[in-house]
Amino acid sequence: MTAPSNSLLQGVDRLLPTYPRADLTIVRGEGARVWDDEGREYLDFGSGIAVVGLGHCHPAPLVAARRQLERLWHASNLYRTESAEELAARISDRFGGAQAFFCNSGAEAIEAALKYARKATGKPGVVALDGSFHGRTLGALSVTGQPAKRTAFAPLVPGVRFVPANDIAALRAAVTENVGLVLLEPILGEGGIHPLDPAFLEVATELPALLCLDEIQTGVGRTGSFFAFEALGIRPDLVALAKSLANGLPIGALLVADHAAGAFAPGDHGSTFGGNPVSCAAASAVVDAVDDELLANVRERGAVLAEGLALLPGVQIVRGRGLLLGGVVEGGAAEVVESCRESGLLILTAGENVVRLAPPLTIGAEEITEALSILGMALRTMRSRIYR
Ligand SMILES: Cc1ncc(COP(=O)(O)O)c(C=O)c1O
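Note that the sequence shown covers residues 15 to 402 in my numbering.
If you want it as structure tokens, here you go:
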């Protein structure tokens, strides 16, 4: 392989090309808007990728993080810190009794869940869903049901079986005696915004294995309740959180319900940066901000956005809940995303033909109208190209 000469390499080439990066350099953000290095404004209906739930530079986590930054950046997990304990207590209250392990990302939260389930049950098998996404580390990739992301990295962790979403008979059959964990996203996010049926989830709670819900994308208010499972009438044993928990500062969390506690002992798991005081202080401010009023906003704005999306030209199906919505479009979703970006709106894909909308939970009515208008224009242009 011929390497480009050093003099030709720019900063962007000095990053490994793991993302199909758009030629857009974001330098500033406030609320639902970001600005590029030329001062151009964009409406951010992706919130990063469902990360800045309160909007960019929200004052509550900003003040909390700044205050913590001036007091203490790091203390080893060999010691207690106020911010990690305060966050764990807050999340436990929301969950109704749980212990937390803090880490730095979603994939790490899944890794913690995989290890916890093995230790708690003594059974190495995992059942996950076709089309699921749980992260890029080898363990998390092993339970990700997307062959295109997995094949180049085989052999992965053995003992994982994938079943189709909402196929109750397949789920029951897959949970054999050596399966210790069933891992499910309440709404498959990267896999195309596919909500799981309450009946499927209920069966998952009855099987002889721990149930971990991956709420990395759906959690912290995104679907209109703090945890997506609250609206589905079930209670899992384990929950993975990350993404919007600290509104953009790195954090992940594995929650273990009190009824499933007791499997980890000192030395079983760890993370140097896990429970970082600054991230935890910001996260506590986020948890406090995701109150009844904000959750009502998510449900109301989400309903308006879903209705508006369904009426746009070429949108065939709308799926999702709250402010995690997917619209199945004709033609390629990536093209629609690009066209929106050129017109000042940032949105996401979720698979090849689904455009994903995940604006900040604080989104207002006017911003929704503006986003639908830009998206409508992009879809009309796309249609006229398809039917030319
Ligand atoms: C449902 C779900 N699980 C896990 C992950 C992995 O999280 P991270 O990229 O923080 O490792 C993601 C990221 O998109 C996700 O959406």
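For every residue, glycine included, the Cβ atom is placed at its ideal position computed from N, Cα and C.
Computed from a predicted structure; not experimentally measured.
Residue i to residue j span [Cα, whole Å]
{"i": "A114", "j": "S239", "result": "20 Å"}
{"i": "V65", "j": "A188", "result": "33 Å"}
{"i": "V468", "j": "R164", "result": "Shown here, the chain extends from 15 to 402; a query on residue 468 therefore has no answer."}
{"i": "A142", "j": "T158", "result": "7 Å"}
{"i": "A2", "j": "G288", "result": "Absent from the model: residue 2. The displayed extent of the chain is 15 to 402, so no value can be given."}
{"i": "A168", "j": "A131", "result": "23 Å"}
{"i": "T151", "j": "L337", "result": "27 Å"}
{"i": "K257", "j": "R397", "result": "34 Å"}
{"i": "G346", "j": "V312", "result": "28 Å"}
{"i": "L58", "j": "A348", "result": "Here residue 58 turns out to be Asp, not Leu, going by the sequence shown. Rounded to the nearest angstrom, the two C-alpha atoms are 16 Å apart."}
{"i": "V332", "j": "F241", "result": "21 Å"}
{"i": "E220", "j": "L155", "result": "26 Å"}
{"i": "G25", "j": "R35", "result": "13 Å"}
{"i": "L325", "j": "C354", "result": "17 Å"}
{"i": "E384", "j": "G110", "result": "39 Å"}
{"i": "S146", "j": "R335", "result": "17 Å"}
{"i": "E307", "j": "Y93", "result": "36 Å"}
{"i": "R80", "j": "A364", "result": "34 Å"}
{"i": "V77", "j": "D50", "result": "24 Å"}
{"i": "A271", "j": "A279", "result": "16 Å"}
{"i": "G203", "j": "E122", "result": "18 Å"}
{"i": "A275", "j": "R399", "result": "56 Å"}
{"i": "L371", "j": "G266", "result": "22 Å"}
{"i": "P209", "j": "L215", "result": "10 Å"}
{"i": "C294", "j": "R402", "result": "53 Å"}
{"i": "V301", "j": "P73", "result": "14 Å"}
{"i": "H88", "j": "A162", "result": "38 Å"}
{"i": "S106", "j": "L309", "result": "18 Å"}
{"i": "T135", "j": "P212", "result": "25 Å"}
Residue i Cβ short of 7 Å to ligand 1 heavy atom set
{"i": "H148", "result": "yes"}
{"i": "S61", "result": "no"}
{"i": "I40", "result": "no"}
{"i": "E204", "result": "yes"}
{"i": "S353", "result": "no"}
{"i": "I230", "result": "yes"}
{"i": "S293", "result": "no"}
{"i": "A364", "result": "no"}
{"i": "A256", "result": "yes"}
{"i": "S398", "result": "no"}
{"i": "E125", "result": "no"}
{"i": "G120", "result": "yes"}
{"i": "E199", "result": "yes"}
Collapsed DSSP secondary structure at residue i in the structure displayed
{"i": "N311", "result": "helix"}
{"i": "L76", "result": "helix"}
{"i": "E366", "result": "coil"}
{"i": "V300", "result": "helix"}
{"i": "H273", "result": "helix"}
{"i": "C10", "result": "There is no way to answer for residue 10, as the model of the chain reaches only from 15 to 402."}
{"i": "E380", "result": "helix"}
{"i": "F243", "result": "helix"}
{"i": "G43", "result": "strand"}
{"i": "Q82", "result": "helix"}
{"i": "D27", "result": "helix"}
{"i": "V332", "result": "strand"}
{"i": "E55", "result": "strand"}
{"i": "I201", "result": "strand"}
{"i": "A392", "result": "helix"}
{"i": "D306", "result": "helix"}
{"i": "D282", "result": "coil"}
{"i": "V318", "result": "helix"}
{"i": "G62", "result": "helix"}
{"i": "D107", "result": "helix"}
{"i": "G340", "result": "strand"}
{"i": "G7", "result": "In this structure the chain extends from 15 to 402, so residue 7 is not present and cannot be described."}
{"i": "L92", "result": "coil"}
{"i": "A324", "result": "helix"}
{"i": "G266", "result": "strand"}
{"i": "L375", "result": "coil"}
Interface flag, residue i vs chain D, CB-CB below 8 Å
{"i": "L83", "result": "Within the model displayed, chain D is absent; a lone protein chain is all it includes."}
Contact test: residue i Cβ vs ligand 3 heavy atom, cutoff 7 Å
{"i": "E321", "result": "The model on display carries ligand 1 but not ligand 3."}
Exercise. Ignoring anything shorter than 3 residues or poking outside the segment 136 to 163, list the beta strand (DSSP E) runs there in chain order.
Key: For the segment 136 to 163, whole beta strand (DSSP E) runs of length 3 or above, ordered along the chain, are 139 to 143.
Exercise. Take every Cβ of the segment 164 to 183, pair it with every Cβ of the segment 132 to 142, and state whether three or more of those distances are shorter than 8 Å.
Key: yes
Exercise. Would you check if there are 3 or more beta carbon pairs closer than 8 Å linking the segment 219 to 227 to the segment 243 to 261?
Key: yes
Practice problem: Please confirm if the segment 355 to 375 is in contact with the segment 66 to 77, defined as three or more CB-CB distances below 8 Å between the two stretches. | Solution: yes
Exercise. Only counting runs of 3 or more residues, tell me where the beta strand (DSSP E) segments fall wholly within the segment 164 to 194, in order along the chain.
Key: The qualifying runs are 174 to 177.
Exercise. Please specify which runs of the beta strand (DSSP E), each continuous and at least 3 residues long, are wholly inside the segment 207 to 261, giving them in chain order.
Key: 224 to 228, 252 to 255
Exercise. Pair every Cβ in the segment 83 to 102 with every Cβ in the segment 280 to 294, then say whether three or more of these pairs are closer than 8 Å.
Key: Taking a cut-off of 8 Å on C-beta distances, the segment 83 to 102 touches the segment 280 to 294, as three or more cross pairs fall below it.
Quiz item: Hey, is the segment 354 to 364 in contact with the segment 313 to 328, meaning 3+ C-beta pairs nearer than 8 Å?
Solution: no
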